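Taking it in order: structure first as structure tokens, then the write-up.
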């Protein structure tokens, strides 16, 4: 089990959270996605290591930005 956290910029409502969760959930290996709207914190759990670029691409597909 592997856990990674990211900060997502641009989310303003529950729909934003749903969009990010939906896209990131589709990344291969991801088993759980949690998003905290007030802080923008995205927590991704997976069976093994997941490429950061894949998570960033999924967040961007949802229309948001990962802050580095």
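Residue numbers (full-length UniProt numbering): 1 to 68. All C-beta atoms, glycine included, are put in the ideal place defined by N, C-alpha and C. This one's a predicted model, so the numbers in the text were calculated from it and none came from an experiment.
Residue 26 burial status per 10 Å Cβ neighbour count (16 or more: buried)
Position 26 of the chain shown holds residue 26. Counting Cβ neighbours within 10 Å, residue 26 comes out exposed, since fewer than 16 surround it.
Nearest-angstrom Cα distance between residue 28 and residue 50?
By 1-based counting over the chain shown, the position of residue 28 is 28. By 1-based counting over the chain shown, the position of residue 50 is 50. Going from the Cα of residue 28 to the Cα of residue 50 covers about 8 Å.
Simplified DSSP assignment, three categories, for residue 58
Numbered from 1 along the chain shown, position 58 holds the residue referred to as residue 58. Three-state DSSP puts residue 58 in a helix.
When DSSP labels each residue in this structure, what does residue 34 get in the three-state scheme?
Within the chain shown, numbered from 1, the residue matching residue 34 stands at position 34. Three-state DSSP puts residue 34 in a strand.
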